[in-house]
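Structure first, then comments.
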Amino acid sequence: MSTGSIVLLIIVGIALYLIVIYNKLVALRAGIDAAWSDIDVQLKRRYDLIPALVETVKGYKEYEGETLEKVIAARQKGLTADSVAEKAEAANMLSGALGKLFALAEAYPDLKANTNFLKLQDELSRLEEAIQNARRYYNAIVRDYNAKIASFPDLIVAQKFDFTPRDYFELDEKEAEAVKEMPKISF
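Counting in the numbering used here, the sequence shown runs from 19 upward without gaps.
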């Protein structure tokens with residue numbers, strides 16, 4: 019084999035290796051987008067339940083209006099948020115407001131016994147679990163992607179083709195637990 023053939027094989031090998039790196043980065047980026055879409059769907063389902071919850075609670079005149087206003091404001095912030103960080107902040111805000119709402123409901127026996135309220139509370143609890151699962155999956159893919167674009171020689175391809183780090187979707191676990199671990203009502 020001539021020196022020219024060896025150089026050509028090395029160049030072809032390097033080119034194939036760079037193509038494999040590029041394709042892996044594209045696949046990870048597509049996985050992140052798909053995982054984010056799943057989170058977004060769960061968050062929208064959660065936001066769609068809030069008006070029904072507010073209407074159910076509004077029927078109890080003596081109920082604390084400030085808490086309802088916080089729930090409504092958090093929902094609106096979530097609907098208008100654009101970035102991952104903004105959506106995480108809105109989700110934390112909503113989880114905190116919902117936790118306070120469900121804690122206050124304990125003081126109102128009629129509300130605690132309301133079938134619609136119990137149904138909405140249960141549905142929100144299930145959605146909270148789905149959001150947590152989707153968040154864990156999303157963050158795992160983001161972790162793999164961010165590690166790949168920071169590793170040599172992958173970072174060369176990442177920089178050349180403008181692959182940039184992605185943000186994690188971080189929720190305040192304490193706030194999320196307040197909604198997920200809602201008090202169970204037994205008769």
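Backbone N, C-alpha and C define an ideal beta-carbon position, used for all residues, glycine too.
For residue j and residue i, the rounded distance between their alpha carbons
{"i": "residue 186", "j": "residue 53", "result": "12 angstroms"}
{"i": "residue 97", "j": "residue 128", "result": "31 angstroms"}
{"i": "residue 110", "j": "residue 164", "result": "24 angstroms"}
{"i": "residue 58", "j": "residue 121", "result": "27 angstroms"}
{"i": "residue 178", "j": "residue 132", "result": "59 angstroms"}
{"i": "residue 150", "j": "residue 29", "result": "46 angstroms"}
{"i": "residue 201", "j": "residue 77", "result": "Reliability of the predicted coordinates at residue 201 is poor, the pLDDT of 42 falling under 50, and the value obtained from them is presented with this limitation in mind. Taking the straight line from one Cα to the other gives about 21 angstroms."}
{"i": "residue 56", "j": "residue 102", "result": "13 angstroms"}
{"i": "residue 126", "j": "residue 148", "result": "28 angstroms"}
{"i": "residue 170", "j": "residue 64", "result": "41 angstroms"}
{"i": "residue 34", "j": "residue 51", "result": "26 angstroms"}
{"i": "residue 6", "j": "residue 69", "result": "Nothing can be reported for residue 6: it is not among the residues displayed for the chain, which extend from 19 to 205."}
{"i": "residue 154", "j": "residue 90", "result": "26 angstroms"}
{"i": "residue 49", "j": "residue 20", "result": "44 angstroms"}
{"i": "residue 84", "j": "residue 94", "result": "15 angstroms"}
{"i": "residue 25", "j": "residue 100", "result": "49 angstroms"}
{"i": "residue 162", "j": "residue 156", "result": "10 angstroms"}
{"i": "residue 158", "j": "residue 188", "result": "12 angstroms"}
Buried/exposed call for residue i, threshold 16 Cβ in 10 Å
{"i": "residue 7", "result": "There is no way to answer for residue 7, as the model of the chain reaches only from 19 to 205."}
{"i": "residue 145", "result": "buried"}
{"i": "residue 32", "result": "exposed"}
{"i": "residue 160", "result": "buried"}
{"i": "residue 39", "result": "buried"}
{"i": "residue 46", "result": "buried"}
{"i": "residue 117", "result": "buried"}
{"i": "residue 41", "result": "exposed"}
{"i": "residue 27", "result": "exposed"}
Chain-order list of residues whose beta-carbon lies under 8 angstroms from that of residue i (same chain, five-residue window excluded)
{"i": "residue 141", "result": "67"}
{"i": "residue 86", "result": "72, 75, 76 and 119"}
Supposed close pair residue i, residue j - CB separation, criterion 8 angstroms
{"i": "residue 43", "j": "residue 152", "result": "Not really, about 22 angstroms apart at Cβ, beyond 8 angstroms."}
{"i": "residue 61", "j": "residue 105", "result": "7 angstroms"}
{"i": "residue 138", "j": "residue 71", "result": "5 angstroms"}
7 angstroms Cβ shell around residue i - same chain, five flanking residues per side excluded
{"i": "residue 92", "result": "108, 111, 112 and 115"}
{"i": "residue 167", "result": "43, 173, 176, 181 and 183"}
Own chain residues within Cβ distance below 6 angstroms of residue i, not counting five before or after
{"i": "residue 74", "result": "134 and 135"}
CB contact check: residue i to chain C, cutoff 8 angstroms
{"i": "residue 49", "result": "Of the chains in the structure shown, none is chain C; there is only one protein chain."}
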